[in-house]
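Protein sequences, first through last, are from chains A and B. All letters in the first sequence, in the order written, are residues 5 to 154 by the working numbering. All letters in the second sequence, in the order written, are residues 124 to 530 by the working numbering. Before any comments, here is the structure.
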Amino acid sequence: MQDIADLYQAVILDHNRRPRNFGEMENPDRVAVGDNPVCGDHYTVFLQMDGDRIREITFHGAGCAISKASASVMTSMLKGKTLAEIKALYSDFHHLVTSGEIDEGNLSDLSAFAGVHQFPARIKCATLSWHAALNAAERPGEEPEPVTTE
Amino acid sequence: MKKTMTSIREEFPVLDQQVYGHDLIYFDNAATTQKPRSVIDAVSGYYEKDNSNVHRGIHALSHRATEAYEAARARAAAFIGAGSEKEIVFTRGTTEAINLVASSWCNRYLKPGDRILLTEMEHHSNLVPWQLAAERTGAELVFVPVTGDEGLLQLDRLDALLAGNVKLFAFTHISNALGTINPVAELCRRARDQGVVTLVDAAQSVGHAPLDVSGIGCDFLAFSGHKMCGPTGIGALYGRRDLLEALPPYHGGGEMIRKVDLHRSEWKGVPHKFEAGTPHISGAIGLHAAMDYLDEIGRKAIYSHDRELGEYAAERLRSLRNLRLLGPPAERAGIASFHLPNVHAHDVVSFADRRGLALRGGHHCTQPLMKRLGLESTVRASFYIYNTKEEIDRFVEVIEEIQAFFG
C-alpha cells in the first residue's frame with residue numbers, strides 16, 4: 005500500500021513551507037499565468053531572458069502543496085537554462101509524474117515528485133507552473149492567455 | 124429512529140469496505156448519498172422484470188412500467204406535500220428543474236428591466252440558469268447578501284430588495300457549502316406579500332428534513348434523487364398547478380405531445396408536456412424506493428440525527444487551533460465546512476483519502492460565495508443517516524494529524 009508520505013516527500017513539504025523565488029518581479033520580460041479552475045490553484049510566472057536563456061525566474065500565487073512546491077523547485081532549476089533545455093527537462097519531469105520512473109540523473113530535486121503518479125488527480129497540480137513557464141518562454145512579446153490544466 | 128444505527132449501516136452495502144486499508148468513512152453526502160439495498164433492488168428488479176417504455180405500449184410490460192413510473196410521481200407528490208401528482212415534473216435533477224423554470228417561466232414573463240432575486244450563497248445550479256435567462260430576456264440579477272463566515276442571509280435587506288421590481292426570488296433551503304438552514308417559509312411569505320414568484324432549491328433538504336410545499340408556500344421547488352438515497356439522473360420540479368399550466372413546454376419531442384402536424388403540434392397537459400422523450404423510468408422507480416426508505420426511518424428523526432452530527436462536528440472542530448469554521452453558530456445542518464490557513468483543501472482531502480475518509484475540498488460550486496468569504500476553497504464534511512459520532516471523532520483525529528504533518 006502506498007502511503008501519503010510517498011506523495012508528500014520532505015523536499016515537497018520544505019518547498020511548500022518556504023517557497024524559493026516566490027514573489028512578483030519588477031521588470032519581467034515575460035509573464036504567464038497558470039490556472040486550475042477545478043481547485044482554484046493560480047500562479048503567475050515571471051521571466052527575464054537573455055535571448056532564449058532564462059536569466060531570472062520568479063513565481064507568485066496560491067495553491068496546494070504539490071503545485072506550490074513544484075513551482076518552487078522548477079524556478080530553482082530553470083535559471084540559466086535555454087528553451088530547448090527547459091523542454092527536455094519538462095519532458096523528463098512529465099514522464100516522472102505520470103509513470104513514477106526516474107530515468108535520468110538530471111532531475112535532482114524534481115525526483116521528489118515521483119510519488120505523484122500514484123495520485124492521478126494531482127498530476128495537473130505538479131505540472132501547472134511548468135505549463136505557465138513554457139508558455140512564457142516560448143512566446144515573446146504580449147502576455148499570453150492563461151494556461152489551464154483542467 | 125425506529126431502526127437502529129447498526130441496522131441502517133447494514134442496509135448500505137457500499138459502506139462495508141476498506142479504503143487504503145482503513146474502514147471507509149463517507150463524509151461527502153452533500154455531493155451524493157449512498158444507496159440502500161431497497162433502492163438498488165428496486166432499480167435492478169425493474170430491469171429484470173418490467174423493463175419497457177412508458178405511456179405508449181399496450182402490452183403488459185409497458186403497462187407495468189407506466190404504472191410504476193406514475194406511482195413514483197404520486198409518491199413524490201405525497202412526499203413533499205403537493206396537492207396533486209400533476210404538480211410533479213420529473214427531471215434529471217435539481218439543475219434541470221431550475222433550468223426548466225429559468226427557461227419556460229422567464230421566457231414567458233420577463234421583460235427588460237425586470238429583476239430576478241437570488242442570494243450570495245447559491246450553488247452554481249441556482250445561479251447560472253438565471254444568468255442565461257437574464258441574458259435572453261434583458262432582466263437583471265440582484266442578490267441577498269450573506270453575513271460572512273456565519274453564512275446567514277441579511278434578511279433586513281430582503282423587503283427593500285423584493286420591492287425593486289423583482290418578479291422571481293430563487294434561493295436555497297440548505298446551503299451545500301456552509302450548512303445554513305434558511306427560513307424558507309418566511310422568505311416565501313415575504314416574497315408573496317409583494318407578488319413575487321418563489322423557487323426553492325431543496326437539493327440539500329428534501330432527503331434530510333420534513334418538507335411540505337404547502338407549509339413552505341413556495342411556487343416552485345426543485346430536488347434531486349441522488350442526494351436522498353435515490354439514483355442519479357432523476358429529480359423533480361414541483362410547481363403550483365396553475366403556474367405549470369400557463370407555461371410553454373421546456374423541451375420538445377415524443378411523450379409530451381397530443382397531436383403533431385408538420386408545422387405545429389399540440390401538447391399534453393401538465394406535467395407530461397414538460398417531459399419530452401423517454402424518461403428515466405428506473406430512476407423514478409429507484410426514487411420511489413428511496414422515499415419509502417426515508418419515511419420508514421422518519422424524516423424528523425433524520426433531521427435531528429443530521430443536525431446532531433453537524434453540531435457535534437462543529438463543536439469538535441472549534442476546539443482545534445488554526446482552523447476557521449464556516450457556517451451558522453447554531454441551527455446548522457449536517458454540514459461542517461472549514462479552512463485551514465496552513466494547508467490547502469486539496470492536500471487535506473488527498474491526505475484524508477489515504478486514511479479511508481471521503482471529504483470534499485474546493486469551491487463546492489459556490490465560487491461567488493467563496494469570493495465573498497475571501498477563500499479559494501474549503502474542506503467540507505457532510506453527514507447522513509448512516510454516519511456516527513465515532514466517525515466524527517476519527518475525522519477530527521485525521522485533521523489533527525494533517526495539521527501536524529503540514530505544520
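Cβ coordinates follow ideal geometry from the N, Cα and C atoms, glycine included.
**Request:** Taking all protein chains shown into account, decide if G338/B is buried (16 or more other Cβ within 10 angstroms of its Cβ) or exposed.
**Result:** exposed
**Request:** Show which residues of chain B have a CB atom less than 8 angstroms away from the CB atom of R126/A.
**Result:** H469 and S473
**Message:** Using 9 angstroms as the threshold, is the C-beta distance between L301/B and P394/B below it?
**Reply:** no
**Asked** Within the chosen definition, does the stretch 180–199 of chain B reach the stretch 278–297 of chain B through at least 3 CB pairs nearer than 8 angstroms?
**Response** no
**Whole runs of the alpha helix (DSSP H) within the stretch 208–278 of chain B, excluding any shorter than 4 residues** = The stretch 208–278 of chain B is shown to contain whole alpha helix (DSSP H) runs of 4 or more residues at 217–223, 229–232 and 251–260, in chain order.
**Buried versus exposed call for Y507/B [16 or more other C-beta atoms within 10 Å across all chains shown]** = buried
**Request:** Give the DSSP-derived three-state secondary structure of M5/A in the structure shown.
**Result:** Any answer about M5/A is weak, because its pLDDT of 41 lies below 50 and its placement is not dependable; what the coordinates show is given next. Three-state result, M5/A: coil.
**Message:** For chain B, check one thing: does any of its Cβ atoms lie closer than 9 angstroms to the Cβ of G44/A?
**Reply:** yes
**Message:** Using a 10 Å radius around the Cβ and a threshold of 16 neighbouring Cβ atoms, would you call Y170/B buried or exposed?
**Reply:** exposed
**Item:** T102/A - DSSP class collapsed to helix/strand/coil
**Value:** helix
**Asked** Would a C-beta distance cut-off of 9 angstroms place L264/B and Q254/B closer than the cut-off?
**Response** yes
**Asked** How is the beta strand (DSSP E) around A325/B delimited, first residue to last?
**Response** Where A325/B is concerned, there is no enclosing beta strand (DSSP E), given that its DSSP letter is neither H nor E.
**Request:** Flag this pair as touching only if the stretch 42–52 of chain A and the stretch 94–111 of chain A have three or more C-beta atom pairs under 8 angstroms; answer yes or no.
**Result:** no
**Request:** Tell me, please, whether the CB atom of Y47/A is closer than 9 angstroms to any CB atom in chain B?
**Result:** no
**Request:** Could you round the C-beta distance between A407/B and I357/B to whole angstroms and report it? I think they count as a contact, below 8 angstroms.
**Result:** Between A407/B and I357/B a beta carbon distance of about 6 angstroms is seen, short of the 8 angstroms cut, so the two are scored as contacting.
**Request:** Just tell me which of E431/B, E243/B and L147/B has its CA closest to the CA of P491/B.
**Result:** E243/B
**P402/B, buried or exposed, once every other Cβ within 10 Å from all chains shown has been counted against 16** = So P402/B counts as buried.
**Message:** Beta-carbon within less than 7 angstroms of T217/B's beta-carbon, same chain only, minus the 5 sequence neighbours each way: which residues are those?
**Reply:** S248, D324, A326, A345, F346, S347 and G358
**Message:** Considering just the uninterrupted stretch of the alpha helix (DSSP H) at Q526/B, what are its terminal residues?
**Reply:** K512 to F529
**Asked** Looking only at DSSP bridge pairs, what is F343/B linked to?
**Response** L322/B and G362/B
**Prompt:** At a CB-CB cut-off below 7 angstroms, which residues of chain B make contact with I8/A?
**Reply:** Listed along chain B, the residues sitting closer than 7 angstroms to I8/A by beta-carbon distance are F474 and R477.
**Asked** Is the Cβ of M5/A closer than 9 angstroms to any Cβ of chain B?
**Response** Note that M5/A has pLDDT 41, beneath the 50 cutoff, so the model's placement of it is unreliable and the number below is only indicative. Yes - at least one Cβ of chain B is within 9 angstroms of the one on M5/A.
**Request:** Find the residues of chain B that neighbour V17/A, judging by a C-beta separation of less than 9 angstroms, and give them in chain order.
**Result:** The question names Val, but residue 17/A in the sequence shown is Leu. Residues of chain B passing the Cβ test: F528 and F529.
**Asked** What residues in its chain sit with their C-beta under 7 angstroms from that of K381/B, if we drop five residues either side in the sequence?
**Response** The sequence given here places Arg at residue 381/B; Lys does not occur at that position. Taken in chain order, the residues that qualify are E389, W390 and K391.
**Asked** Got a sec? Which residues, its chain only, sit under 6 angstroms from F343/B by beta carbon, not counting five neighbours each side?
**Response** V224, L322 and G362
**Prompt:** In whole angstroms, what separates the C-alpha of S74/A from that of T62/A?
**Reply:** 13 angstroms
**Message:** My output table needs one value for E60/A: the three-state DSSP class, helix, strand or coil.
**Reply:** strand
**Item:** Paired residues, beta bridge with W390/B - DSSP
**Value:** I380/B
**Prompt:** Taking L503/B as the reference, which of D516/B, H487/B and G409/B has the closest Cα?
**Reply:** Sequence inspection shows Arg at residue 503/B; the Leu mentioned does not correspond to that position. Considering only alpha carbons, the answer is H487/B.
**Asked** Could one say the Cβ of M244/B lies closer than 9 angstroms to chain A's Cβ atoms, at least one of them?
**Response** no
**Item:** P371/B classed as buried or exposed, judged by whether at least 16 other C-beta atoms fall within 10 angstroms
**Value:** By the 10 Å Cβ count, P371/B comes out exposed.
**Asked** Nearest-angstrom Cα distance between V289/B and I131/B?
**Response** 45 angstroms
**Asked** For L11/A, which residues in chain B fall below 7 angstroms Cβ to Cβ?
**Response** S473, listed in chain order.
**Prompt:** How big is the Cα-Cα spacing for M53/A and N31/A?
**Reply:** 11 angstroms
**Asked** Is there at least one Cβ from chain B nearer than 9 angstroms to F117/A's Cβ?
**Response** no
**Request:** Check whether the Cβ of R444/B lies closer than 8 angstroms to any heavy atom of the ligand PLP, and answer yes or no.
**Result:** As presented, the structure is devoid of all ligands, the ligand PLP included, so that no description of it is given.
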